[in-house]
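Chemist: Right, I'll just put the structure down here and ask away after.
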Amino acid sequence: MARTTLTRTVLAAVSAASLFALGACSSDAGTEPAGGGETAAADDGVITLGFSQVGAESGWRAANTKSIQDTLTAENGFDLKFSDAQQKQENQIQAIRSYITQGVDVIAFSPVVETGWDAVLQEAKAAGIPVILTDRAVDSSDETLYESFIGSDFVKEGEMAGEWVAEQYDGEGYKAVELQGTTGAAPAIDRKEGFASAIEGTDIELIDSQTGNFTRAEGKTVMEGFLNAHDDIDLVFAHNDDMGLGAIEAIEAAGLTPGEDIKIVTIDAVKDGMQALADGKINYIVECNPLLGPDLADIAKKVLAGEEVEKRIVVKDEAFDQAAAKEALPTREY
Ligand code: AHR
87 MARTTLTRTV LAAVSAASLF ALGACSSDAG TEPAGGGETA AADDGVITLG FSQVGAESGW
147 RAANTKSIQD TLTAENGFDL KFSDAQQKQE NQIQAIRSYI TQGVDVIAFS PVVETGWDAV
207 LQEAKAAGIP VILTDRAVDS SDETLYESFI GSDFVKEGEM AGEWVAEQYD GEGYKAVELQ
267 GTTGAAPAID RKEGFASAIE GTDIELIDSQ TGNFTRAEGK TVMEGFLNAH DDIDLVFAHN
327 DDMGLGAIEA IEAAGLTPGE DIKIVTIDAV KDGMQALADG KINYIVECNP LLGPDLADIA
387 KKVLAGEEVE KRIVVKDEAF DQAAAKEALP TREY
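Numbered per my numbering, the sequence shown spans residues 87 to 420.
In structure tokens form, the structure reads like this:
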């Protein structure tokens, strides 16, 4: 089967990246509340952008961080302040508050979980600092708290995975297990929903589902637990490649052959996942494009220039079977 659904390409700049510690310099703060017209960038034209990253939990996250650091460079007119929240919401809130205190021109972040952001986003709004969401959404009824949300449609990703599984295996009475992403995170909630709706009405039964927190180590541990609890697993749906790669280790340690005895479907399509797909250990991967740096730079510049920006920018994703992975790997960017 060939690739599916290629529409929008996000370009990645390629250069060496340096990690900016949180803290240090300040810049001119924005002077208008979010949605209140043109917001001031620094007098020297440099845009100081404070970015709070979820963590470094997966290959996808590493590629996403690289895209942001490679794009928001001094040459491109940015002073990037970058912080890693180590998958903790309290660290992200602390980082955002620090960016507000420093008076950065714009704040961007990828929320580790969906809920609990209104208070800190109100603080940013009151300080006149626009906020851009990347990768993951917040669950808030007040859309004035952020300017734009750039990222994939996670429900659709789950659906694409489920549709492929239904197409391949409906009628065979498959028992499936699910390795969920971080509890409360938008991709975990949405991919679960999309997959479940796509296999509804088939004879594929989801017999177990637990979080592996988007990491390879936890994916392996949870899969070991699944294998101990069930002797009839036919398929694993992992919410990201890393957990799928952890599951492969657990399946091999149990003396089974991943991709054959137990089929594996994942989301992300980062290099390690694509290699395992090409090697026959994974059966299908739905992409989640991590190259969000260029869109973030563009939207930040427009917001600070007082231009209209789209509230929701959907990054379109492809999907790969084993043959498509072999073809794509030599030129894969991440
Ligand atoms: O939010 C995107 C998800 O976060 C990726 O699928 C996963 O690998 C990452 O940790």
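Note that beta-carbon positions come from the ideal geometry of N, C-alpha and C, so glycine has one too. These figures come from a predicted structure and were not determined experimentally.
Take every Cβ of the region 191–200, pair it with every Cβ of the region 351–360, and state whether three or more of those distances are shorter than 8 Å.
Modeler: no
Chemist: Assign T417 to buried or exposed, taking buried as 16 or more other Cβ atoms, counted over all protein chains shown, within 10 Å of its Cβ.
Modeler: What you label residue 417 is simply residue 331 of the sequence shown in a count that begins at 1. Exposed, because fewer than 16 other Cβ atoms sit within 10 Å of the Cβ of T417.
Chemist: Here's the rule: buried if 16 or more other CB atoms are within 10 angstroms of the residue's CB, otherwise exposed. What is T187?
Modeler: Residue 187 sits at position 101 when you count from the first residue of the sequence shown. T187 sits exposed, since fewer than 16 C-beta atoms from the chains shown fall within 10 Å of its C-beta.
Chemist: Is I353 near the ligand AHR, in the sense that its beta carbon is under 7 Å from a heavy atom of that ligand?
Modeler: Here residue 353 corresponds to residue number 267 of the sequence shown, with the count starting at 1. Indeed, a heavy atom of the ligand AHR lies less than 7 Å from the Cβ.
Chemist: Would you kindly check if the distance between the Cβ of I350 and the Cβ of G330 is under 8 Å?
Modeler: The residue labelled residue 330 in the question sits at position 244 within the sequence shown. The residue labelled residue 350 in the question sits at position 264 within the sequence shown. In contact: G330 and I350 (Cβ atoms closer than 8 Å).
Chemist: Between which two residues does the alpha helix (DSSP H) carrying L382 extend?
Modeler: In the sequence shown, residue 382 corresponds to position 296, counting from 1. Run containing L382: G379 to L390, per the alpha helix (DSSP H) assignment.
Chemist: DSSP three-state call for S227: helix, strand or coil?
Modeler: Along the sequence shown, read from residue 1 onward, the residue named residue 227 stands at position 141. Three-state result, S227: coil.
Chemist: Classify A409: buried if its beta carbon has 16 or more other beta carbons within 10 angstroms, exposed otherwise.
Modeler: In the sequence shown, residue 409 corresponds to position 323, counting from 1. Classification of A409: exposed, given that the 10 Å Cβ count is below 16.
Chemist: Would you kindly report the start and end of the unbroken alpha helix (DSSP H) that includes F281?
Modeler: One-based indexing of the sequence shown puts residue 281 at position 195. Element bounds for F281: A272 to I285.
Chemist: Ignoring anything shorter than 3 residues, give me the beta strand (DSSP E) runs that lie fully in the region 178–218, in order along the chain.
Modeler: 192–195
Chemist: Consider the C-beta atom of N326 and the heavy atoms of the ligand AHR; say whether any pair is separated by less than 7 Å.
Modeler: If you number the sequence shown from 1, residue 326 lands on position 240. Remark: the C-beta of N326 is in contact range of the ligand AHR, defined as less than 7 Å to any heavy atom.
Chemist: Please state whether the Cβ-Cβ distance between D204 and S226 is less than 8 Å.
Modeler: Sequence index remark: in the sequence shown, residue 204 carries index 118 (1-based). Sequence index remark: in the sequence shown, residue 226 carries index 140 (1-based). Yes; because the gap between Cβ atoms is below 8 Å, this pair is in contact.
Chemist: For I285, which residues in the same chain have their Cβ closer than 7 Å to its Cβ, ignoring the five residues on either side in sequence?
Modeler: Reading the sequence shown from its first residue, position 199 is the one you call residue 285. Contacts found: G248, V251 and A252.
Chemist: Among the residues of its own chain, which have a CB less than 6 Å from the CB of R302, if the five just before and after it don't count?
Modeler: Taking the first residue of the sequence shown as position 1, residue 302 is located at position 216. Here the set comprises D328, L331 and G332.
Chemist: Express the C-alpha separation of T352 and A336 in angstroms, rounding to a whole number.
Modeler: What you label residue 336 is simply residue 250 of the sequence shown in a count that begins at 1. What you label residue 352 is simply residue 266 of the sequence shown in a count that begins at 1. Roughly 16 Å separates the two Cα atoms.
Chemist: Could you tell me the boundaries of the alpha helix (DSSP H) in which K412 lies?
Modeler: Numbered from its first residue, the sequence shown carries residue 412 at position 326. Looking at the DSSP string, the run of the alpha helix (DSSP H) that includes K412 is Q408 to A414.
Chemist: For G270 and chain C, any beta-carbon pair shorter than 8 Å?
Modeler: Included in the structure is just one protein chain, with no chain C present.
Chemist: For a test of your reading of the model: does the CB of S138 fall under 7 Å from any non-hydrogen atom of the ligand AHR? Yes or no.
Modeler: Walking along the sequence shown from the start, residue 138 turns up at place 52. Flag unset: Cβ of S138 not near the ligand AHR.
Chemist: From what residue to what residue does the beta strand (DSSP E) around D294 run?
Modeler: Locating residue 294 in the sequence shown gives position 208, where the first residue counts as 1. Where D294 is concerned, the enclosing beta strand (DSSP E) stretches over E291 to T297.
Chemist: With a 10 Å radius around its C-beta and 16 neighbouring C-beta atoms as the bar for buried, classify N314 as buried or exposed.
Modeler: Here the question's residue 314 lines up with position 228 in the sequence shown. Answer is exposed; the Cβ neighbour count stays below 16.
Chemist: My output table needs one value for R222: the three-state DSSP class, helix, strand or coil.
Modeler: Numbered from its first residue, the sequence shown carries residue 222 at position 136. Of the three classes helix, strand and coil, the one that applies to R222 here is coil, per DSSP.
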